[in-house]
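Accompanying notes for the structure given below.
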Amino acid sequence: MSGKEMDWGTLLRESVANMRQLSLYYPVEKDAAKVTRKYPMRINPYYLSLIKEREDAIWKQSMPDIMELEDEEGVPDPLHEEKDSPVSGLVHRYPDRVLLLVSNRCAMYCRFCTRKRRVGDPFKRIKKEQVLQGIEYIREREEIRDVLISGGDPLLLNDDELAFFLERLKKIKHVEVLRIGTRVPCALPQRITDALLSLLRRYHPLYINTHFNHPGEFTEESRKACSMIADAGIPLGDQTVLLKGVNDSVDVMNALIRGLWSMRVTPYYIYQADLTKGTKHFRTDVDEGIEIFKRLKFHPSLPMPHFVIDAPGGGGKIPITPECRFYDVINEEVIVTLNLKSLEYNKLKSELEDARDNGAAIIVIELGEIEDKEDKGIYELLKQYHPIYINMHLKHPDELTEDVKRVVSMFSDAGVPLGDRINLIEGVNDDPRVIKELVHGLLKLRVKPYYLHADSEEEGLTIINSLRGFTSGMAVPHLIVGDKIICPNHIVEKTSEKIMLKNYQGMTFEYPNYS
Ligand code: SF4
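This is how it looks when you write it as structure tokens:
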């Protein structure tokens, strides 16, 4: 049986975890065992089957390399997660959000992992009592409204274990949003089962943030997994790490972003690799990353990622996204945008049919108004044309009426990724407090604010900067002024040795300059 046909439990059991098992597939490198004694290996048969040749992007992400033991520069915990943990396994860095670690096991052990110090170590297993302590901490703090459940990989828990924690989190009144960070859709897509999804859909608004790094990870299985998640009304986001020799190329990144869009996955972060010990060989030069980013092709109606450095020392994510423009939309792109004032069944059907007949691979509806027509047929119709996105134009929290909420929920339940395009209007919503309330309201409705349009760069940046640190990165829109995408520059100094960055609190952090 090939890896692709096994169930997820068998795949995990059949994983390559030692040199004897590895030697059944490839000649084992001298010293490889030394590496895995320090940093565990797990390559499940599915992920192993994606390797086309030695040293390709899949190989580099999964195979132990002696260079992991030769990194003199990195540190075990570059983001100071342990220091920011008031109880073990819970990181509380931003006032309204926490990171709750529920497992230290993963579908594979990525060689570049930020939590290399923990993952896969049998002596660092996360116990149920520890997670319960974390949940108690959350319960006692009303300011926490957003919980990111992570690990390791939370989806390595079985359904009952997962339900046990989700149930307790859901009962906490002030927790408004749950997010699960998991690499399973990419590294073990067989874990996405109907049973898991019927469990997860009980906990909306629930988001899944996944992690693809290379188009070689797009397979029939990973597409199916993402499609099942999206169909369950769970918004999918992606965080990619820029890795030397894996994806540090414009062509690879463009293919990655397009592939994510086609699977209804929102690319929302591209990370500069962290300063984790054992990963120096993966780190790219910051300027090189910025150059790659500038040359990526984004689309004015689809979500684009932020390029960020997670500040060494726990300063949080600092955007270093360069200023860029949307490329002209050309026919080969087969992304069709429909500008519709409202959704009327017959008109929508004919527009969708035309778009598909013209070869549309992705359809985006820019929707002017949200009306509750009680026409269930519309939601069924949308489902037949996936991947289909809807962008709304909500600009004020008062617009989030009960009717609007009901319609928006129906769109989400139909598996449509929802974005918002906020127009900044003087006297209407040019107050950061208004936008903050709007952004929170949208997130509760499973809507991600993609773009903020402003006439003035200064006013737009005031709003964007007020959102930094206030809400999750997936809720911070990109600023558009005219036809330019404006990104605040947080690099305050650059020398031949270091780059100084300023975080949302005005504190400075240092990252090495490799150029
Ligand atoms: S799946 Fe995530 S947590 Fe696990 S090893 Fe890979 S990067 Fe690290």
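Under the working numbering, residues 1149 to 1663 are what the sequence shown spells out, in order. Glycine included, each C-beta is placed from N, C-alpha and C at the ideal position.
Just so you know, the alpha carbons of residue 1189 and residue 1367 end up roughly 23 Å apart.
Check the Cα spacing between residue 1178 and each of 1167, 1186, 1187, 1172: the tightest is with 1167. For residue 1658, the CB contacts under 8 Å within the same chain, skipping 5 residues up- and downstream, are 1460, 1646, 1647, 1648, 1649 in chain order.
The residue among 1599, 1661, 1363, 1458 with its C-alpha nearest the C-alpha of residue 1642 is 1661. Exposure of residue 1525 is indicated by the presence of fewer than 16 other C-beta atoms within 10 angstroms of its C-beta.
CA-to-CA, the gap between residue 1257 and residue 1269 works out to about 11 Å.
When secondary structure is reduced to three states using DSSP, residue 1418 falls in the strand class. Here the C-alpha atom of residue 1215 lies approximately 15 Å from the C-alpha atom of residue 1394. Note on geometry: alpha-carbon atoms of residue 1211 and residue 1515 lie some 46 Å from one another. Residue 1387 has 1417 as its beta-bridge partners, per DSSP. Closer than 7 Å to some heavy atom of ligand 1: that does not describe the Cβ of residue 1416. Here the C-alpha atom of residue 1578 lies approximately 37 Å from the C-alpha atom of residue 1348. Residue 1267 sits buried, since 16 or more C-beta atoms from the chains shown fall within 10 Å of its C-beta. Residue 1384 and residue 1373 have their alpha carbons spaced roughly 11 Å apart.
If you draw a straight line from the Cα of residue 1556 to the Cα of residue 1517, it is about 11 Å long. If you draw a straight line from the Cα of residue 1165 to the Cα of residue 1222, it comes to about 25 Å.
The three-state secondary structure of residue 1362, taken from DSSP, is coil. It is roughly 20 Å from the alpha-carbon of residue 1361 to the alpha-carbon of residue 1187. The DSSP-derived three-state label of residue 1394 is coil. With respect to the 8 Å criterion, residue 1485 and residue 1449 are classified as neighbours on the basis of their beta carbons. Secondary structure at residue 1582: helix, using DSSP grouped into helix, strand and coil.
Check the Cα spacing between residue 1541 and each of 1342, 1325, 1457, 1568: the tightest is with 1568.
Exposure of residue 1549 is indicated by the presence of fewer than 16 other C-beta atoms within 10 angstroms of its C-beta. Runs of the alpha helix (DSSP H) lying entirely within the region 1252 to 1331, each at least 4 residues long, are 1276 to 1287, 1307 to 1318 in chain order.
Inter-segment contact for the region 1562 to 1576 and the region 1525 to 1537 is present: three or more beta-carbon pairs are separated by less than 8 Å. Contact between residue 1353 and residue 1591 is confirmed by a C-beta separation of about 7 Å, below the 8 Å threshold. Burial is judged here by how many other beta carbons sit within 10 angstroms of a residue's own beta carbon; residue 1596 has at least 16 and is buried.
Those residues having their beta-carbon less than 5 Å away from any non-hydrogen atom of ligand 1 are, in chain order, 1254, 1257, 1258, 1261, 1267, 1331. Listed in chain order, the alpha helix (DSSP H) runs fully inside the region 1543 to 1603 are 1550 to 1561, 1580 to 1592, counting runs of at least 4 residues. For residue 1371, the secondary structure class from DSSP, reduced to helix, strand or coil, is helix.
Secondary structure note for residue 1164: it is in no beta strand (DSSP E), with a DSSP letter that is neither H nor E.
The alpha-carbon separation between residue 1273 and residue 1226 amounts to approximately 21 Å.
In the three-state DSSP reduction, residue 1184 falls in the helix class (H, G or I). The beta carbon of residue 1482 lies closer than 8 Å to those of 1507, 1508, 1509, 1510 in the same chain, with the five residues before and after it left out.
The C-alpha of residue 1340 is placed about 10 Å away from the C-alpha of residue 1375.
Secondary structure note for residue 1495: its alpha helix (DSSP H) is the uninterrupted segment 1493 to 1505.
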